[in-house]
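Read the structure below first, then the notes.
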Amino acid sequence: MLELEETSGKAYALKAWCKSLHRVVSLVIHELPNGVRRLYFSTDENMSGRDVVEYYTTRFQEEFCFRDAKQFLGLTDCQACDKRKLDFAFNSSFTALNVAKIMCKELGTSIGRLKAQMVNAYYAQRIIDVFEKNPNTPLNKEG
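In UniProt numbering, the protein residues as written are 1 to 143.
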């Protein structure tokens, strides 16, 4: 049995024959306290169970970063061909993602909801600027 500090529950590591891959794999069975089981495997037979779990954990963290940067922060919007311009665009997207994650953690909201709030605030300010009206002016005068 593996002792995984960063996760709760029990984890078992073993070498198993994978019928569909026609080869031996390193398999980790992670049983959570609520009874749910997660299976992680690697085709590297020499990889330890702890390494298999760490690789999967890291991989999913990276995938979520790319997903959020693509979905909300324009990671794939840059049409430049110059390497420096592309580097700047990618770094800007991931920097914005890191700032957004900090804000989401402080506000207790999601990145999608935070983006919607920021866009709405921008449009509201833009309308106020274009029409040059004071938003605090009373519409109905008492009297």
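Ideal Cβ positions, reconstructed from N, Cα and C, are used throughout, including at glycine.
If residue i sits next to residue j, beta carbons under 8 Å apart, how far is it from one beta carbon to the other, in whole angstroms?
{"i": "Leu-39", "j": "Ser-8", "result": "The Cβ separation is near 17 Å, so there is no contact."}
Tell me whether the beta-carbon of residue i lies closer than 8 Å to the beta-carbon of residue j.
{"i": "Glu-45", "j": "Lys-15", "result": "yes"}
{"i": "Leu-73", "j": "Ala-96", "result": "yes"}
{"i": "Pro-138", "j": "Ile-128", "result": "no"}
{"i": "Ala-13", "j": "Ser-42", "result": "no"}
{"i": "Ser-93", "j": "Leu-75", "result": "yes"}
Under 8 Å Cβ to Cβ from residue i, same chain only, skipping five residues before and after it: list those, please.
{"i": "Val-24", "result": "Lys-15, Ala-16, Trp-17, Cys-18, Glu-45"}
{"i": "Leu-21", "result": "Thr-43"}
{"i": "Arg-37", "result": "Ile-29, His-30, Glu-31"}
Please work out which residues of its chain come closer than 6 Å, Cβ to Cβ, to residue i, disregarding the five sequence neighbours upstream and downstream, and give them in chain order.
{"i": "Gly-112", "result": "none"}
{"i": "Lys-133", "result": "none"}
Near residue i, which residues of its chain fall below 7 Å by C-beta distance, leaving aside the five closest residues on each side in sequence?
{"i": "Ala-80", "result": "Leu-86, Ala-89"}
Could you tell me which uninterrupted beta strand (DSSP E) segments, each at least 3 residues in length, are contained entirely in the segment 22-85, listed from first to last along the chain?
The qualifying runs are 23-31, 37-42.
Would you check if there are 3 or more beta carbon pairs closer than 8 Å linking the segment 91-102 to the segment 56-70?
By the C-beta criterion, the segment 91-102 is judged to be in contact with the segment 56-70, since at least 3 inter-stretch pairs fall below 8 Å.
Does the segment 47-58 come into contact with the segment 11-28, if we say contact requires no fewer than three beta-carbon pairs (one atom in each stretch) closer than 8 Å?
By the C-beta criterion, the segment 47-58 is judged to be in contact with the segment 11-28, since at least 3 inter-stretch pairs fall below 8 Å.
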